[in-house]
Amino acid sequence: MLRFLTRRLLSAVLVLFAVSVLSFLMFFALPRDPVTAMCPKNCNPARLERVRQELGLSDPLYQQYVGYMKGIFVGRDLSSALGGHCDAPCLGYSYVNSEPVTRTITRVLPVTLSIVLPAAVLWLALGVGLGMISALRRGTLLDRLAIGFSLAGASLQLYFVGAVLLLVFCYTLHVVPVPHYTSIWSNPLDWADGLVLPWVTLAFLFSAIYARLSRAQMLETLSEDFVRTARAKGLSKSTVYGRHALRAAITPIVTIAGMDVGAALGGTVVTETTFGLQGLGRTVWDAVREGDLPTLMATVLIAAVFVVVANILVDVLYAFIDPRVRLR
Amino acid sequence: MAPPVPEPDPAQSQPYLAVRDLTVRFDTEDGVVRAVNGVSFSVRPGRTLCVVGESGSGKSVASLAILGLHNPRRTRLSGQILVGGRDVVGLDEKQIRTMRGRSMAMIFQDPLSALHPYYTVGRQIVEAYRVHHPSAGKAEARRHAVAMLGRVGIPQPDRRFDRYPHEFSGGMRQRVMIAMALVNHPDLLIADEPTTALDVTVQAQILDLLADLQSEFNTAIVLITHDLGVVSQVAHDVLVMYGGRAVEQGTVEQVLRRPQHPYTWGLLASVPTLRGDPDADLTPISGSPPSMINLPAGCAFHPRCRYAGETEGRSTTEIPLLRPAGEPDHLVACHLSDADRARLREHEVTPTEVA
Ligand SMILES: Nc1ncnc2c1ncn2[C@@H]1O[C@H](COP(=O)(O)OP(=O)(O)OP(=O)(O)O)[C@@H](O)[C@H]1O
Ligand SMILES: [Mg+2]
Chain A
85 MLRFLTRRLL SAVLVLFAVS VLSFLMFFAL PRDPVTAMCP KNCNPARLER VRQELGLSDP
145 LYQQYVGYMK GIFVGRDLSS ALGGHCDAPC LGYSYVNSEP VTRTITRVLP VTLSIVLPAA
205 VLWLALGVGL GMISALRRGT LLDRLAIGFS LAGASLQLYF VGAVLLLVFC YTLHVVPVPH
265 YTSIWSNPLD WADGLVLPWV TLAFLFSAIY ARLSRAQMLE TLSEDFVRTA RAKGLSKSTV
325 YGRHALRAAI TPIVTIAGMD VGAALGGTVV TETTFGLQGL GRTVWDAVRE GDLPTLMATV
385 LIAAVFVVVA NILVDVLYAF IDPRVRLR
Chain B
584 MAPPVPEPDP AQSQPYLAVR DLTVRFDTED GVVRAVNGVS FSVRPGRTLC VVGESGSGKS
644 VASLAILGLH NPRRTRLSGQ ILVGGRDVVG LDEKQIRTMR GRSMAMIFQD PLSALHPYYT
704 VGRQIVEAYR VHHPSAGKAE ARRHAVAMLG RVGIPQPDRR FDRYPHEFSG GMRQRVMIAM
764 ALVNHPDLLI ADEPTTALDV TVQAQILDLL ADLQSEFNTA IVLITHDLGV VSQVAHDVLV
824 MYGGRAVEQG TVEQVLRRPQ HPYTWGLLAS VPTLRGDPDA DLTPISGSPP SMINLPAGCA
884 FHPRCRYAGE TEGRSTTEIP LLRPAGEPDH LVACHLSDAD RARLREHEVT PTEVA
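Respectively, the protein sequence lines represent chains A and B. Quick note: the first sequence uses the working numbering, first residue 85, plus one each step. Quick note: the second sequence uses the working numbering, first residue 584, plus one each step.
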């Protein structure tokens with residue numbers, strides 16, 4: 085286990101290193117002058133030159149990279165116009181937002197986490213639960229309803245569902261406030277109140293996929309020989325389904341869920357835009373539109389970290405579930 | 584299980600399992616699968632019945648019906664299955680569940696897929712023990728499971744207890760299955776091709792083990808197999824199935840040495856002999872097994888039977904009934920007359936080759 089973790093962490097570091105080098109090259113080594121790309125509209129040559137100086141853009145590329153990475157791990161000194169010393173993890177300075185990128189990220193990341201994590205719990209519970217029930221009640225009315233639900237979820241678009249829910253529950257019935265973000269630490273109730281619509285929307289759409297997946301998995305598992313053996317032993321239905329079938333059926337779902345959550349944490353652009361929440365996804369979107377390279381670079385790295393960490397977690401979880409998987 | 588048994592007077596010991604006129608049909612999209620059609624047999628405690636027949640002849644379906652393991656919504660069952668005097672046909676799931684694993688247990692063909700890959704073998708055996716001994720503590724159940732693992736010949740059972748199925752060899756896995764099936768000392772054991780996946784040496788060990796356990800617990804055994812070698816080794820009685828019907832049944836002596844049905848002759852002729860002439864031709868039965876949805880009219884075997892023409896057309900119109908084949912308890916379902924069969928058999932098989 086320890087050896088596995090060390091190895092996985094090492095390879096994760098390698099992956100992240102590669103991602104950072106590649107994205108750095110892409111953003112800073114493009115033929116387009118990054119300063120112009122970064123500069124807000126009215127840029128005179130003098131200002132351009134100052135930005136170039138402040139960002140150290142005349143240094144050789146490798147030096148810039150080392151400087152950037154150093155900033156992440158131990159912090160670095162930016163020019164005094166940019167606020168002087170920038171503590172680790174320093175992700176550079178955004179002229180577009182006129183603030184260090186780290187400050188932007190610490191502001192928007194909790195928003196995305198608050199949207200995605202509770203929504204993920206909801207969609208997994210709902211999706212897997214529904215899928216299992218409809219597999220066990222195969223062919224009944226309940227099963228058909230569940231299938232209809234998943235079809236609806238799979239064919240609807242997030243912005244559409246989001247807009248309808250907003251219109252109905254927020255603007256017409258006034259049962260929920262306009263989506264907004266409050267820190268969970270300062271006011272948990274308001275936090276939940278402000279995010280319940282995005283949760284429900286995400287949960288509806290994703291649980292549709294998970295319901296279909298779990299139903300198929302469960303049906304397949306129910307035809308396995310070991311389920312027959314469990315019944316032949318005289319076990320009760322709930323034990324056969326719960327302990328024997330569910331455990332085997334859930335394994336592939338864990339993998340997919342890990343990937344989905346990891347990817348969603350990297351930003352839920354559509355959700356955030358639909359509900360007007362300023363999370364990581366909106367930030368990426370704005371950065372792309374405005375050519376805010378330092379912010380973009382930082383969000384790419386963060387998304388990569390989420391995906392890599394989710395991967396490791398999935399592997400560890402998998403090994404806990406399936407003894408045939410060896411962590412080596 | 585060896586044929587010469589010290590037998591209590593058979594007339595006095597009641598059969599533990601008595602199947603009467605069992606019919607199993609599945610409703611499928613392609614039509615009704617007539618998997619088992621009016622089969623009757625019985626097994627007494629301490630005795631072994633071997634069920635033989637080609638792939639698809641309904642052997643597994645019949646045995647699963649005894650444990651009530653078919654999906655009731657798509658399966659139509661009729662007839663009687665008396666287990667210890669109690670008819671399990673039509674019994675609801677709750678009631679039959681208390682009998683599974685205790686009155687009747689089953690060993691499946693492929694022990695790797697039949698054991699749960701995520702649980703240790705010990706845990707799976709303990710689970711089987713505790714369903715029927717709910718008051719037993721963990722430690723007691725473990726003791727029983729370890730003892731059973733030792734009993735089926737698994738070395739260091741105490742340590743193997745905590746291993747997973749994939750860490751065992753095929754033969755050891757089958758022993759685990761046997762331990763799991765026998766941990767509650769069931770009165771009836773159904774073994775569906777328990778040794779097909781194993782090599783010959785291991786197969787012999789497993790069969791010996793079953794024989795030992797049978798004489799210890801006086802278990803009634805139904806053993807399903809393709810292998811007539813196995814039959815000659817372990818059976819007291821034999822049931823030959825074709826197209827979901829019993830075509831011949833009797834004692835192992837009768838069926839292997841004095842077979843009456845042309846299909847049985849075919850089965851015997853396709854067995855490699857151990858003693859006979861190594862160059863002698865093996866003659867597999869020509870043609871292929873019938874469709875269970877559209878069984879041939881009349882005798883289901885007639886399209887493949889060389890003597891179908893000698894029945895004055897009855898073989899294609901009339902389903903032959905099981906009737907006495909001359910000796911007591913020996914039954915055959917064939918339109919040929921006793922005299923014809925006796926004459927034809929001479930040319931077909933030299934039955935001593937197998938038995
Ligand atoms: N659940 C089911 N639904 C529909 N048809 C089935 C079902 N189970 C078995 N059958 C069919 O019933 C017939 C008998 O099957 P069965 O498994 O009893 O054969 P078998 O004699 O055990 O063969 P083998 O030696 O290959 O195990 C086959 O034609 C099979 O396709
Ligand atoms: Mg079978």
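Built from N, CA and C at the ideal position, the CB exists for glycine as well.
The Cβ atoms of glycine 684 (chain B) and glycine 318 (chain A) lie closer than 7 Å to each other. Spatial neighbours of alanine 247 (chain A) in its own chain (CB-CB distance under 8 Å, excluding positions within 5 residues in sequence) are listed in chain order as Thr358. At the C-beta level, histidine 885 (chain B) and serine 898 (chain B) come within 7 Å of one another. Collapsing the DSSP output to three states places valine 284 (chain A) in a helix. With fewer than 16 other Cβ atoms from the protein chains shown falling within 10 Å of its own Cβ, methionine 110 (chain A) counts as exposed. Taken atom to atom, the span from the alpha-carbon of alanine 916 (chain B) to that of arginine 617 (chain B) is near 18 Å. Taken atom to atom, the span from the alpha-carbon of alanine 780 (chain B) to that of tyrosine 599 (chain B) is near 29 Å. Relative to ligand 2, serine 696 (chain B) has its C-beta separated by 6 Å or more from all heavy atoms.
Taking a Cβ-Cβ threshold of 8 Å, the residues of chain B close to isoleucine 405 (chain A) are Tyr701, in chain order. Interface annotation for the segment 332 to 345 of chain A against chain B: Ala332, criterion Cβ-Cβ distance under 8 Å.
The segment 709 to 729 of chain B and the segment 771 to 778 of chain B do not touch, with fewer than 3 CB-CB distances between them shorter than 8 Å. Taking each of B:Ser596, B:Gly753 and B:Tyr702 in turn and checking the Cα distance to valine 783 (chain B), the smallest one comes out for B:Gly753.
Our two residues, alanine 922 (chain B) and serine 320 (chain A), have alpha carbons roughly 55 Å apart in a direct line. Within chain A, the residues whose beta carbon sits less than 7 Å from that of arginine 685 (chain B) are Gly318, listed in sequence order. At a cut-off of 7 Å between C-beta atoms, tyrosine 747 (chain B) counts as an interface residue with respect to chain A.
The Cβ of methionine 755 (chain B) sits no closer than 7 Å to any Cβ of chain A. Non-local C-beta neighbours of threonine 703 (chain B) in its own chain, meaning closer than 8 Å and more than five positions away in sequence, comprise Phe744, Asp745, Arg746 and Tyr747, ordered along the chain. Identification of residues in the segment 300 to 327 of chain A having a C-beta nearer than 9 Å to some C-beta of chain B yields Glu308, Asp309, Phe310, Val311, Arg312, Thr313, Ala314, Arg315, Ala316, Lys317, Gly318, Leu319, Ser320, Lys321, Thr323 and Arg327, given in sequence order. Rounded to whole angstroms, the Cβ separation of leucine 240 (chain A) and leucine 281 (chain A) is 15 Å, and the two are not in contact under 8 Å.
With respect to the C-alpha of lysine 642 (chain B), the residue from B:Arg627, B:Ala728, B:Val823 and B:Glu710 having the closest C-alpha is B:Val823. Only those residues of the segment 665 to 696 of chain B whose C-beta falls short of 8 Å from the nearest C-beta of chain A are listed: Glu676, Arg680, Thr681, Met682, Arg683, Gly684, Arg685, Ala688, Met689, Phe691, Asp693 and Ser696.
For leucine 193 (chain A), the enclosing alpha helix (DSSP H) covers residues 185 to 220. Per DSSP, the continuous alpha helix (DSSP H) segment holding methionine 153 (chain A) begins and ends at 145 to 158.
With respect to chain B, the C-beta atom of arginine 410 (chain A) has no partner C-beta closer than 7 Å. Counting C-beta pairs closer than 8 Å gives three or more between the segment 624 to 636 of chain B and the segment 815 to 833 of chain B, which meets the contact rule. Each of B:Lys642, B:Ser643, B:Gln692, B:Asp775, B:Glu776 and B:Ile807 has a C-beta closer than 7 Å to some heavy atom of ligand 2; these make up the full list, in chain order. At least one heavy atom of ligand 1 lies less than 6 Å from the C-beta of serine 640 (chain B). Following the DSSP letters along the chain, one finds asparagine 395 (chain A) in no beta strand (DSSP E) but inside the alpha helix (DSSP H) bounded by residues 377 to 405. For phenylalanine 609 (chain B), the Cβ falls inside the 6 Å cut-off from some heavy atom of ligand 1. Straight-line measurement puts the Cα of glutamine 301 (chain A) at about 32 Å from the Cα of isoleucine 386 (chain A).
The segment 183 to 194 of chain A makes contact with the segment 349 to 369 of chain A; the number of CB pairs closer than 8 Å reaches 3 or more. Contacts with chain A at 7 Å (Cβ-Cβ) include leucine 652 (chain B).
Apart from sequence neighbours up to five positions away, the residues of its chain that approach glycine 636 (chain B) with a beta-carbon distance below 7 Å are Lys642, Val823, Met824 and Tyr825, ordered along the chain.
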